[in-house]
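Student: I'd like to ask some things about the structure below.
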Amino acid sequence: MLSSSSEKKVPVPVPGQRNILITSALPYVNNYPHLGNIVGAVLSADVFSRYCKQKGYNTLYICGTDEYGTATETKAFQEKTTPEAICAKYYQLHKQVYEWFDIDFDHFGRTSTKQQTEIAQDIFLKLHQNGFLTEKTIEQLYDEESKTFLADRFVKGTCPTCLYEDARGDQCDKCGKLLNPTELINPRSTTTGSVPIIKETNHIFIKLQDLQHKTKEWFQNNKDTAQWTTVARSITQSWFDKGLEERCITRDLKWGTPVPLEKFADKVFYVWFDAPIGYISITADQGGHKIGEPVGLIRKIEDAEIKEWKKRFGGGEDEIFQLDLRVGQIESVELHPEADKLYVFNVKIADTVTRKIVGGLREAYPESETLIGKKVVVACNLAVAKLKGVESEGMLLASKQNDGVTSLLTPSGEAPLGAQIYPKGAAFKPEKVLKKNPTKIILDSIKIGENNVPLYKNLPLVVFDSQKKVIAQVATEKDIAQGSGVF
Ligand SMILES: [Zn+2]
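If you read the sequence shown in full-length UniProt numbering, its first letter stands for residue 1, the second for the next number, and so on.
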């Protein structure tokens, strides 16, 4: 048996020499390694590594266990222990098996390391800086007993086509039909046996379609000279032919590389995104940060980047929203007795609550009766102000574009009276009476975005129910140019 790899002298790249890095596919940690692991990925690379070393090339051969993801969490759940303990146990087991087979790795590492976190988060933030990430709300099955979202294959139930009772959420093993877990009859969680519910969750997607041009060009330039297998070439080609699509790169799990954003603090990178970075981090790990390329990738996340992320995805201190906006409905409109540009509105914000609000919409809406019955966005926690002798108990939000065209902001039809409106992704903490100057919040920070939707620091204003579920949208009722202010 060999001495343990860590006692060996590890090679570092030498400028001007032929430097060769050899990697074997990282085995997943939650099982015993089998002959397939050895034959499929490790043995051939070991032979090549030994050959390169005999030829005198500066060669580094690395591998390691792929440790994050649902399967590890599930295994830990089954063995009634922690993911950390599962990984520590199986890492040793894998290492011993490869040593028994006399596989001569220069380093056999792991993906659950500090290097992995630093490098993966750094790549993630660079993708963001270059505009390759986007956020979406998706519906997923949720196990209320284990308080976890369920991957498709962890849901079983009756196949809607052949009525096989043990069909998986992604596919029926009996008739082969591809399924959505929500299609199953009598669905149940395979971890707890309870009936899953459907729950909304936010995730980050990588816009692979925007990377197609660059990666395809690289592939075209190399496919004839690089020694790739026919299968590798044809699969890659078919992906490009179909066109790359957006893919989700975050998961609602605890065991993984944390997403470096406050709003996504309870989520980790999907292993699909994370595991390939393992090759880089394990290489960085073996050299103790002394090797060439990957060292440049390791650095602290800059404050400015964090701020930019908070701005974009919200949830940070910058996005505490203190304005109490509600869905209201105009009941009646009168002309202001003293000012010819002002109306006095009676606005209903609950079945029994009406507010008197003074607003300057007479030029934009000269026929006052057209305003009656309209749904509006009402700022409800402003200090009472006297406007030309009439007290106003709030404000109706509107937007005006440069040429003077002015439009009320309107919640979509289904929005109930009194429902709260705030930026999606921001922390909503309205003060009883706003201390700040409201124009600081409204005029300086709310602008009209695409499709007439008002954005507060790039987060859309939407209507929520008391469970913080989005129930309706907000937009200007007339077409208003992007970037126009709100007052
Ligand atoms: Zn079936």
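C-beta: ideal position from N, C-alpha, C; glycine also.
Provide the residue span of the alpha helix (DSSP H) that contains K126, from first to last.
Tutor: Boundaries of the alpha helix (DSSP H) harbouring K126: K114 to Q129, taken from the DSSP string.
Student: Would DSSP call Q482 helix, strand or coil?
Tutor: coil
Student: On the DSSP bridge list, what partners appear for H203?
Tutor: DSSP output for H203 lists K136 as bridge partner(s).
Student: So that I know if they touch, is there some Cβ in chain D lying closer than 8 Å to that of C159?
Tutor: The structure shown contains no chain D; it holds only a single protein chain.
Student: Select from F487, T117 and L125 the residue whose C-alpha is nearest the C-alpha of V378.
Tutor: Nearest neighbour of V378 by Cα position, chosen from F487, T117 and L125, turns out to be F487.
Student: Which full runs of the beta strand (DSSP E) of 3+ residues lie inside the UniProt domain "TRNA-binding" (319-422), going along the chain?
Tutor: 325-335, 343-350, 353-359, 375-379, 385-387, 390-392, 398-400 and 406-411
Student: Where does G292 fall in DSSP's three states?
Tutor: Residue placement at G292 cannot be trusted, given a pLDDT of 38 that sits under 50; the coordinates are not used to answer.
Student: Going by beta carbon distance, what residues of the same chain come within less than 6 Å of Q420, once the five residues before and after it are set aside?
Tutor: F464
Student: Does the Cβ-Cβ distance between F269 and V259 come in under 8 Å?
Tutor: yes
Student: What are the boundary residues of the beta strand (DSSP E) that I103 is part of?
Tutor: Per DSSP, I103 belongs to no beta strand (DSSP E) and is neither H nor E.
Student: Do you know how far the Cα of T439 is from the Cα of D324?
Tutor: 14 Å
Student: Straight-line CA distance for G296 to V42?
Tutor: Because the pLDDT of G296 is 31, which lies under 50, any placement of that residue in the model is unreliable, and the question is left without a value.
Student: With 16 as the cutoff for other CB atoms within 10 Å, does E118 come out buried or exposed?
Tutor: buried
Student: Quick check on P411: buried or exposed, where buried means 16 or more other Cβ atoms within 10 Å of its Cβ?
Tutor: Around the beta carbon of P411, 16 or more other beta carbons sit within 10 angstroms, so the residue counts as buried.
Student: Helix or strand or just coil, what does DSSP make of C63?
Tutor: For C63, the three-state secondary structure derived from DSSP is strand.
Student: Candidates C380, G36 and W239: which alpha carbon is nearest I357's?
Tutor: It is C380.
Student: For Y279, which of N31, V12, K53 and Y61 has the nearest alpha-carbon?
Tutor: With distances taken between Cα atoms, Y279 lies closest to Y61.
Student: Touching or not, the region 383-403 and the region 470-486, by the rule of three or more beta carbon pairs under 8 Å?
Tutor: yes
Student: Are there three or more Cβ pairs, one per stretch, closer than 8 Å when the region 92-101 is compared with the region 28-39?
Tutor: With a cut-off of 8 Å, the region 28-39 and the region 92-101 count as touching, because enough Cβ pairs lie within range.
Student: Under the criterion of a Cβ to heavy atom distance below 7 Å, does K156 qualify as lining ligand 1?
Tutor: Taking 7 Å as the cut-off, the C-beta of K156 does not count as close to any heavy atom of ligand 1.
Student: Go through its chain and collect everything with a Cβ distance to G292's Cβ below 6 Å, but skip five positions before and after it.
Tutor: Confidence at G292 is low in this model, with a pLDDT of 38, below 50, so the placement of that residue is unreliable and no value is reported for it.
Student: Under 8 Å between the Cβ atoms of S24 and C63?
Tutor: Going by beta carbons, S24 and C63 fall inside the 8 Å limit.
Student: Of all the options I185, L208 and E144, which has the alpha carbon lying nearest to the alpha carbon of Y164?
Tutor: I185
Student: Let me know the secondary structure DSSP gives V463 once reduced to three states.
Tutor: strand
Student: To the nearest whole angstrom, what separates the beta carbons of T182 and D252, a pair I think is in contact under 8 Å?
Tutor: That pair is no contact at about 17 Å.
Student: Below 8 Å on the Cβ atoms is my contact criterion, and I expect P347 with E331 to pass it. Report the Cβ-Cβ distance as a whole number of Å.
Tutor: At residue 347 the sequence reads Val, which differs from the Pro that was named. About 7 Å separates the two Cβ atoms, so the contact holds.
Student: With a cut-off of 8 Å, do at least 3 Cβ pairs link the region 70-90 to the region 137-156?
Tutor: Yes: at least three Cβ pairs fall under 8 Å.
Student: Any idea what DSSP makes of Q171, helix, strand or coil?
Tutor: The answer is strand: DSSP assigns Q171 an E or B state.
Student: Quick check: the Cα distance between G314 and A426, rounded to an integer number of angstroms?
Tutor: Because the pLDDT at G314 is just 48, under 50, the model does not fix this residue reliably, and the point stays unresolved.
Student: With hydrogens ignored, establish whether the beta-carbon of K177 is closer than 7 Å to any heavy atom of ligand 1.
Tutor: Within the cutoff, so yes.
Student: Going by Cα to Cα distance, which pick from H336, E414, G36 and D210 is closest to P27?
Tutor: G36
Student: Does any heavy atom of ligand 1 sit closer than 7 Å to the C-beta of T182?
Tutor: no
Student: Do you know offhand how far N458's Cα is from E450's?
Tutor: 11 Å
Student: Assess contact between the region 80-89 and the region 120-139, defined as three or more Cβ pairs (one per stretch) separated by less than 8 Å. Is contact present?
Tutor: no
Student: Tell me whether Y164 counts as near ligand 1, meaning its Cβ is closer than 7 Å to at least one heavy atom of that ligand.
Tutor: Distance from the C-beta of Y164 to the nearest heavy atom of ligand 1 is below 7 Å.
Student: Please identify the residue among G109, V97 and V384 whose C-alpha is closest to the C-alpha of L434.
Tutor: V384
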